[in-house]
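Listed in order, the protein sequences are those of chains A and B. Here the first sequence stands for residues 1 to 343, where the numbers follow the working numbering. Here the second sequence stands for residues 1001 to 1343, where the numbers follow the working numbering. Even glycine gets a Cβ: it sits at the ideal position worked out from N, Cα and C. What follows is a set of notes on a single structure, which appears directly below.
2 protein chains.
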Amino acid sequence: MKVTINDVAKLAGVSMKTVSRVINKEPSVRKKTYDIVMDAVNTLNYQPNLAARNLAGTSSFTVGLVYDNPNAYYVIDMQNGVLSRCKEEGYELVIHPCNYLDGNMEEDFKTMIKRSRLAGLVLTPPLSEQNSIIEMLDEMGIHYVRVLSGRPTEENQDTCIYVNDYAAAYEITAHLLSLGHKNIGFLCGDKEHKSTTERLEGYQAALKDHSIPLNDELIYEGQYSFESGVEGAKALLGESNPKNITALLGGNDEMAAGALFASRLMGIEIPQQLSITGFEDSPFSRQTWPKLTTAHQANDVISQHAARLLFRKTRGARNQDKDIITTFTPSLVVRESSGPTTA
Amino acid sequence: MKVTINDVAKLAGVSMKTVSRVINKEPSVRKKTYDIVMDAVNTLNYQPNLAARNLAGTSSFTVGLVYDNPNAYYVIDMQNGVLSRCKEEGYELVIHPCNYLDGNMEEDFKTMIKRSRLAGLVLTPPLSEQNSIIEMLDEMGIHYVRVLSGRPTEENQDTCIYVNDYAAAYEITAHLLSLGHKNIGFLCGDKEHKSTTERLEGYQAALKDHSIPLNDELIYEGQYSFESGVEGAKALLGESNPKNITALLGGNDEMAAGALFASRLMGIEIPQQLSITGFEDSPFSRQTWPKLTTAHQANDVISQHAARLLFRKTRGARNQDKDIITTFTPSLVVRESSGPTTA
DNA sequence: TAGAACATTGACAGCGTTGTCATTTTAACT
DNA sequence: AGTTAAAATGACAACGCTGTCAATGTTCTA
């Protein structure tokens, strides 16, 4: 019933250790031996036991995915990306949702790591930006890869995956400018998120490049939530839109959806009277009315590359994956929530 | 650095095996011994190694969560519920998204089970309804708990958690009837989902109990998606609402959101001209305009109980959790998308 | 063609637990 | 107190794999 490495060895007529070498793709196994062993593996349908591997080996076959992000779509995409890579490489994934504000996170981490010695961790924002965590991991000697909001100039190319929110925000803003908008509001997300400042700076850079003076009164500081989007739109548009805003950049899709909601309450027509854009292209940017113009962020692809980067580190010489992309720029998706100024 | 069961044993002055007994909560350990050992465990901050436990023991400490559901909110909730329980019991969770249509699922399952011998599986709909899968698992002797749409009368109370969609649909329909609606449309979800027929039957039962004749023309057969909700609303309301429908029951929140979207396109005011209701109370039922009246389904609680049920089976006598709820009925949440008939 | 250098393979211990079974301690009887 | 049954503990071999290091094959050099 249960087939072990010994069964394979017997069938192939080699030692246990040679089978081990084959399934671990170690070098210095003769091609012929390799084939014989693989045949045996296939006919017996052998699957190496993870627990035994983790116990016996110095490196482990489980990776952790850590997140503190309320966005279900984001999390699922990240999971699926990492998972698909894990499957290919024969790794197991342990997911670790957490709440940074909880405080006892450090303990939590240590427990997780002790219980199942991990090959490494994929950290997603905003946790990936927390220096205290990074230091802790460095101290503990845990491998990790961080997914971060940032621009290609940054260093740490071997341990970070960057999402260029700056460029994406620039592109969205440029899109609105090209439609004739001049007074563009910005609904800022959580200040603790690096993505917030990146997006804000991209927006400002675009304005500057088009010789539009910056105006702090057009910026609402909120959180990445629907409710905050509602509040932000109300705050910026006020009673009768005194600032004469014709376009609103949402910090993310949820805020944009909130702004859409608020506009509706205020009787503002979208996009005739006001353009609204999102960020991330999560499924519900297609489920609002009208559908949101936004910046598409391929989270599953991003997390796949994060996993690949991690494996490159953990597997060392055995894996020299050269095609890893370390910088991603979300790309503009124009839908119905943005249009030319009518003013 | 790394503390093992031996370190604990030494410090406590007992044998390795006794420590093992304590951490496994086996009976026949003297209270005094137990305390001494626990003290040692705590001072050393000992965490049993999962790989070793899985390898040595007959039962394993990993459970799997299997799902084939496109709804991110649902999946996250299920994960978190199971996960929270796993943490308490010292189990590890392996998530297993899959695509039933892929075909090679059986192989996929077997691989997963071989690689990390599992204590058991939590199956969520629609997979949990697939007899072929259940039979396979029975054959393989794998423990599992199914989360299913169904009514309390069903058997298998020790292996299934029921979500009473029938009652919930009944309640929503009754709500609409009480508001004066008579021509109530129904946007049917995927026919393969048990929840679809349960919800449909609940709707029909409510109508019958209020002496409203059933009319198949008011039922649209679609899928549980936003797009399908759009199509369904268009199909039922047609050019000028010839069937004189005043309320629309969405098969789930997404369909309801789609119907909302379509109504907007057709210039129909919600809820003044048309009431629309959802199902599940996923976050975005609060992010539509107007917010959706829906049936709240506590997925995290449901999955927690599923996990508890599973542990009761796998741990046998060691765990006699008596407070497991096996039937959940989603409860009506009235928001702004439903209102009295104006006709 | 001998000998060195290198490539390939194998024997065996050990990873940190739990299961089995033997041993010791305690409790419960006469 | 002496016996017996029951409860509590311990010794030690697994579990299925990988790391180490020694043993064997193979190729190259002179």
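What residue range does the alpha helix (DSSP H) around residue i cover?
i                : result
V1334 of chain B : Where V1334 of chain B is concerned, there is no enclosing alpha helix (DSSP H), given that its DSSP letter is neither H nor E.
C1086 of chain B : A1072 to E1089
R1315 of chain B : N1299 to R1315
S275 of chain A  : Looking at the DSSP string, S275 of chain A is not in any alpha helix (DSSP H); the run it does join, the beta strand (DSSP E), is S275 to T277.
E92 of chain A   : No alpha helix (DSSP H) contains E92 of chain A, which is instead part of the beta strand (DSSP E) from E92 to P97.
V1029 of chain B : Per DSSP, V1029 of chain B belongs to no alpha helix (DSSP H) and is neither H nor E.
R146 of chain A  : Element bounds for R146 of chain A: not the alpha helix (DSSP H) but the beta strand (DSSP E), Y144 to S149.
V8 of chain A    : I5 to A12
E1139 of chain B : N1131 to M1140
I113 of chain A  : M105 to R115
By the criterion of Cβ-Cβ separation under 8 Å, what are the contact partners of residue i in chain B?
i               : result
E336 of chain A : Within chain B, no residue comes near E336 of chain A; the closest Cβ sits about 11 Å away, beyond 8 Å.
L55 of chain A  : N1049, A1051, A1052 and L1055
F311 of chain A : Simply none; closest approach about 17 Å.
Between which two residues does the beta strand (DSSP E) containing residue i stretch?
i                : result
F186 of chain A  : I184 to C188
H296 of chain A  : T294 to H296
V1122 of chain B : G1120 to L1123
V163 of chain A  : C160 to V163
Closer than 7 Å by C-beta to residue i: which residues in its own chain qualify, once you throw out the five before and the five after it? Chain order, please.
i                : result
V301 of chain A  : G81
N1244 of chain B : N1183
Q1223 of chain B : G1189 and D1190
A1174 of chain B : A1206
L50 of chain A   : F61 and E92
L332 of chain A  : E171, I172, H175 and A295
T1196 of chain B : C1188, G1189, D1190 and G1251
E1231 of chain B : G1222
G1325 of chain B : Rather than Gly, the amino acid found at residue 1325 of chain B in this sequence is Ile. Excluding residues within five positions, the ones whose Cβ falls inside 7 Å are H1305.
S59 of chain A   : A119 and T314
L177 of chain A  : A206 and H210
Apart from the five residues just before and just after residue i, which ones in its own chain have a Cβ nearer than 6 Å to its Cβ?
i                : result
C160 of chain A  : R146 and L148
K1194 of chain B : E1129 and S1149
S1337 of chain B : I1270, P1271, I1276, P1290, L1292 and T1293
N1278 of chain B : The sequence as given places Gly at residue 1278 of chain B; Asn does not occur at that position. Closer than 6 Å at the Cβ level, and outside the excluded window around G1278 of chain B, lie G1250, D1253, A1256, S1285, L1292 and T1294.
Taking Cβ-Cβ distances shorter than 8 Å, what residues in chain A pair up with residue i?
i                : result
R1264 of chain B : W289
F1279 of chain B : Simply none; closest approach about 15 Å.
List, in order along the chain, the chain A residues whose C-beta lies closer than 7 Å to that of residue i?
i                : result
L1050 of chain B : R115 and S116
Y1100 of chain B : By Cβ distance, chain A contributes nothing, its closest Cβ being about 16 Å from Y1100 of chain B, past 7 Å.
A1257 of chain B : Q287
T1111 of chain B : Q47
Given a threshold of 16 other Cβ atoms within 10 Å of its Cβ, counted over all protein chains shown, does residue i qualify as buried or as exposed?
i                : result
R1030 of chain B : exposed
T1153 of chain B : exposed
Y91 of chain A   : buried
I1095 of chain B : buried
Q1079 of chain B : buried
N1071 of chain B : buried
G1344 of chain B : No answer is possible for residue 1344 of chain B: the residues shown for chain B start at 1001 and end at 1343.
Y1162 of chain B : buried
P1213 of chain B : exposed
T314 of chain A  : buried
Q1157 of chain B : exposed
M1 of chain A    : exposed
I104 of chain A  : Note that residue 104 of chain A is Asn in the sequence shown, not Ile. Its Cβ having fewer than 16 others within 10 Å, N104 of chain A is exposed.
Y1100 of chain B : exposed
H349 of chain A  : What the structure shows of chain A is the stretch from 1 to 343, and residue 349 of chain A is not part of that stretch, so it cannot be assessed.
P27 of chain A   : exposed
T1342 of chain B : exposed
If the cut is a Cβ gap below 9 Å, which residues of chain B does residue i touch?
i              : result
P97 of chain A : I1076, Q1079, N1080 and L1083
L93 of chain A : V1094 and I1095
Just to confirm my understanding: we take residue i, look at its own chain, exclude 5 residues before and 5 after, and list those with CB closer than 8 Å. What are they?
i                : result
L218 of chain A  : N183, I184, G185, F186, L236, K243 and I245
Q1304 of chain B : G1081, V1082, S1084 and R1085
S1015 of chain B : A1009
May I ask whether a heavy atom of the ligand NAP can be found less than 8 Å away from the beta carbon of residue i?
i               : result
F186 of chain A : In terms of ligand content, the structure shown is empty, and the ligand NAP therefore cannot be addressed.
Can you list the residues of chain A that residue i reaches, using a CB-CB cut of under 9 Å?
i                : result
F1226 of chain B : P283, F284, R286 and Q287
Give the interface partners of residue i over in chain B, defined as CB-CB distance under 7 Å, in chain order.
i              : result
Y73 of chain A : A1072
| task | Would you list, in sequence order, the uninterrupted alpha helix (DSSP H) runs of no fewer than 4 residues that lie entirely inside the segment 178 to 253 of chain A? | result | 194 to 209 and 226 to 237
| said: Ignoring anything shorter than 4 residues, give me the alpha helix (DSSP H) runs that lie fully in the segment 1034 to 1074 of chain B, in order along the chain. | reply: 1050 to 1056
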